[in-house]
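Input: a single structure, listed below in structure tokens.
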Amino acid sequence: MRCPLGKKGSQNSATPPRQRICYCTLSSKDFVTLGDRMWHFAVSVFLVELYGNSLLLTAVYGLVVAGSVLLLGAIIGDWVDKNSRLKVAQTSLVVQNASVILCGIILMIIFLFKTQLLTLYHGWLLTMCYILVITIANIANLASTATAITIQRDWIVVVAGEDRSKLADMNATIRRIDQLTNILAPMAVGQIMTFGSPMIGCGFISGWNLMSMCVEYLLLWKVYQKTPTLALKCSKVEESELKQLNIKKENDMKPAEGVQLIVEKDVTGFEPQQEKEVGCAARIAEPFITFRDGWVAYYNQPVFLAGMGLAFLYMTVLGFDCITTGYAYTQGLSGSVLSLLMGASAITGIMGTVAFTWLRRKCGLIRTGLISGVAQLSCLVLCAISVFMPGSPLDLTVSPFADISARLFENEPLPTIASPGGEPEVAFATGMPNLLNGSTTPAYADPEMSPEPVPLISVSLLFAGVIAARVGLWSFDLTVTQLLQENVAESERGIINGVQNSMNYLLDLLHFIMVILAPNPEAFGLLVLISVSFVAMGHIMYFRFAQKSLGKQIFACCTPDPKAVSDSSLPGNTSTV
40 MRCPLGKKGS QNSATPPRQR ICYCTLSSKD FVTLGDRMWH FAVSVFLVEL YGNSLLLTAV
100 YGLVVAGSVL LLGAIIGDWV DKNSRLKVAQ TSLVVQNASV ILCGIILMII FLFKTQLLTL
160 YHGWLLTMCY ILVITIANIA NLASTATAIT IQRDWIVVVA GEDRSKLADM NATIRRIDQL
220 TNILAPMAVG QIMTFGSPMI GCGFISGWNL MSMCVEYLLL WKVYQKTPTL ALKCSKVEES
280 ELKQLNIKKE NDMKPAEGVQ LIVEKDVTGF EPQQEKEVGC AARIAEPFIT FRDGWVAYYN
340 QPVFLAGMGL AFLYMTVLGF DCITTGYAYT QGLSGSVLSL LMGASAITGI MGTVAFTWLR
400 RKCGLIRTGL ISGVAQLSCL VLCAISVFMP GSPLDLTVSP FADISARLFE NEPLPTIASP
460 GGEPEVAFAT GMPNLLNGST TPAYADPEMS PEPVPLISVS LLFAGVIAAR VGLWSFDLTV
520 TQLLQENVAE SERGIINGVQ NSMNYLLDLL HFIMVILAPN PEAFGLLVLI SVSFVAMGHI
580 MYFRFAQKSL GKQIFACCTP DPKAVSDSSL PGNTSTV
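Residues are numbered in our numbering as their position in the sequence shown, beginning at 1, plus a constant of 39.
Printed below as a string of structure tokens:
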């Protein structure tokens, strides 16, 4: 279903060269967001450095970020839907980068005057600085969420127009660049902080974001000017009325009077009518109503099961995060080996984006998700097998809750290990190594004894499965992303993708809670099996979605036919692509 002025002719109003310019500009935008990636990596390191090599502030920051997106995802998406595309992109871009710059300046002040701040008001001023840093960093993350929704879920759909192959190529290209920036950002920040200092790192990131904000602002304006259809946006009421017209229309029927298209002021000079004044109680209740309506709308989407399947993939320890890295250290892998494994993971992720575009052309979008899911699960079987191989620390006689119960209920002191300078240090309760001082000795090891070498069969199979599974993972991720782009109505793209982000963060939060409840290495094998189970449940949900969408043709042979381009058009779909 399309708006009156948004017909096929209007969608293709930009000439092919202009669309290629917009495509290249949107892709190059990810290079500019290198500063955002650097900030996400560095903020945790800065918080650890500030709080005396403790993970407390980092844990609080992670909990605040996850909780904020979980609660505000639908509200952010609704704000994206109700405002013009250019206003949303500009506002979120400025807020995001300005927050990072301000946060960097505050961190530099704390690093410079931490000793003086500790003595003022019994340290409460320093505590307030910590709270301020976490709050502003959280605002930056929320603005980043809004930017991702409006650019990667809405703008590129409009730029691609009716060409779904182009949309798939754009999604894949942006994801490849995303993979590269996720590698380059930690490398850049790590080198600066290693050969400089945390304060220099803060200054560098603040300066980079200031520069990138200006460049990205110009790029967005260029894309907007060269794609006139970005100025056209239908409201929910108009889409509903047009849907009824499409049902009842005859061949010679014209659009009904009163059904108008919202055109932004800066394009035609038309201003939408002002909203009626509402009472104070209604304004207070509006966010809660938006939250409820967003989740209800998400549940009623034809791609609901596909989105839930993607969210379930976040409930896993089988990724290159701090948890898996810490476990690898306890199994004897060095930092250099882990860096190589992360590089290999990025390469297989890029291979997944290539596989996605090829499979979509050959088999169609929905079947691409099925094939990707089978590929990912097949590789994760290696991870499940690794739990029972030689070298695995799995010990079912050790309660996974023994460590946390001892700390909370038996008041046992934290174990200490000797630091290189001879001073005792507190070891992490997880048995993870003290990564902050460069030691790779497990925290529970006796420094005076030479531990027997741990067989590497188990950890090798684990990482072989994790790395190989990235091909299917990223291909599946791109499949669900494009399903949401193609099958969600234009007026609901923001709120539906906001709720999807909330679901992703909810499952990610649950996986961290799972690790907190069972932090000892002996329980990591159980976490692996639970993770594989959640991934399997996610793909079962997607299989059910594919079965409802394709019916008996779900197992049809993959042939490069025209239907492969549009097999994701589901019954009841009102999207404008």
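Yeah, the Cβ is synthetic: ideal placement off N, Cα and C, and Gly gets one too.
* **4-residue-minimum alpha helix (DSSP H) runs that sit fully inside the stretch 484-542, ordered along the chain** => Restricting attention to alpha helix (DSSP H) runs no shorter than 4 residues, the stretch 484-542 encloses them at 496-526, ordered along the chain.
Looking only at its chain, what residues have a beta carbon closer than 7 Å to the beta carbon of V604, apart from the 5 residues adjacent to it on each side? Here the model assigns V604 a pLDDT of 44, short of 50, so the residue's position is not dependable and the matter cannot be decided.
>> Is the separation between the beta-carbon of R124 and that of T184 shorter than 8 Å?
In response: For R124 and T184, no; Cβs fall outside 8 Å.
| field | Cutoff 8 Å; reference P429; Cβ partners in own chain excluding five residues on either side | value | Close CB contacts of P429 within its chain, under the 8 Å cut and outside five residues either way in sequence, are with P494, I496 and S497 (chain order).
Going by beta carbon distance, what residues of the same chain come within less than 7 Å of M147, once the five residues before and after it are set aside? Excluding five sequence positions before and after M147, the CB atoms of its chain that fall closer than 7 Å to its own CB belong to M238, C241 and G242, given in chain order.
- From which residue to which residue does the alpha helix (DSSP H) around G574 run? The displayed chain sequence assigns Val, not Gly, to residue 574. V574 -> alpha helix (DSSP H) spans F563 to L589.
Check your understanding: So, do the stretch 74-86 and the stretch 495-514 have three or more beta carbon pairs nearer to each other than 8 Å?
Key -> No: the two stretches stay apart, fewer than three of their Cβ pairs being nearer than 8 Å.
Notebook entry, point to check: According to DSSP, is L622 helix, strand or coil?
Noted result: For the chain, the structure presents residues 40 to 616; residue 622 sits outside this window and is missing.
Q.
How far does the alpha helix (DSSP H) with N221 in it extend, from its first residue to its last?
A. For N221, the enclosing alpha helix (DSSP H) begins and ends at R203 to F234.
Can the beta-carbon of L409 be found less than 8 Å from the beta-carbon of V571? No, the Cβ-Cβ distance between L409 and V571 is not below 8 Å.
* Asked: What is the DSSP secondary structure of L433, counted as helix, strand or coil?
  -> Secondary structure of L433 (DSSP, three-state): coil.
Would you call the CB atoms of T364 and V510 closer than 8 Å?
Against a cut-off of 8 Å, the Cβ pair of V510 and T364 comes out as no contact.
Next on the checklist: Between which residues of its own chain and E289 is the CB-CB distance below 8 Å, once the five residues before and five after are set aside?
Outcome noted: Residue confidence for E289 is low, a pLDDT of 45 falling below 50, so the modelled location carries little weight; the figure read from the coordinates is stated next. Excluding the 5 residues flanking it on each side, E289 has no same chain C-beta neighbour closer than 8 Å.
| field | Residue burial classification, Q155 (beta-carbon count within 10 angstroms, cutoff 16) | value | Looking at its Cβ environment, which holds fewer than 16 other Cβ atoms inside 10 Å, Q155 is exposed.
Inset, instruction - Kindly indicate which residue of G348, M542 and V356 has the alpha-carbon position closest to the one of L517. - result: Out of G348, M542 and V356, G348 has the C-alpha closest to the C-alpha of L517.
Practice prompt. Go ahead and pull the three-state DSSP assignment for M28.
Written response: This structure does not reach residue 28, given that the chain is present from 40 up to 616, and the question cannot be answered.
Residue from W78, T97 and T174 with nearest C-alpha to N221: In terms of CA proximity to N221, W78 leads the group W78, T97 and T174.
| said: I'd like to know if the stretch 337-355 and the stretch 572-589 are in contact, where contact means that at least 3 CB-CB pairs between them fall below 8 Å. | reply: Output reads yes: the stretch 572-589 touches the stretch 337-355.
* What's the C-alpha gap between S417 and A423? -> When only Cα atoms are considered, S417 and A423 end up about 10 Å apart.
So, under 8 Å CB-CB, W194 and L269 are touching, yes? Tell me the CB distance rounded to an integer number of Å. Confirmed, about 7 Å.
Nearest-angstrom beta carbon gap, L589 and I405 [assumed within contact, 8 Å]: Contact flag correct, Cβ pair sits at about 6 Å.
T520 versus L549: straight-line alpha-carbon distance, rounded
Rounded to the nearest angstrom, the two C-alpha atoms are 22 Å apart.
Collapsed DSSP secondary structure at Y337 in the structure displayed
In this structure, Y337 counts as helix in the three-state DSSP scheme.
So what does DSSP say about T130, is it helix, strand or coil? In the three-state scheme derived from DSSP, where H, G and I count as helix and E and B as strand, T130 is classed as helix.
Taking the alpha helix (DSSP H) that G408 falls in, what are its first and last residues?
Judged by DSSP secondary structure, G408 falls within the alpha helix (DSSP H) whose first and last residues are L404 to S425.
_Exposure label - T166; buried when at least 16 CB within 10 Å_ = The residue is exposed, with fewer than 16 neighbouring Cβ atoms inside 10 Å.
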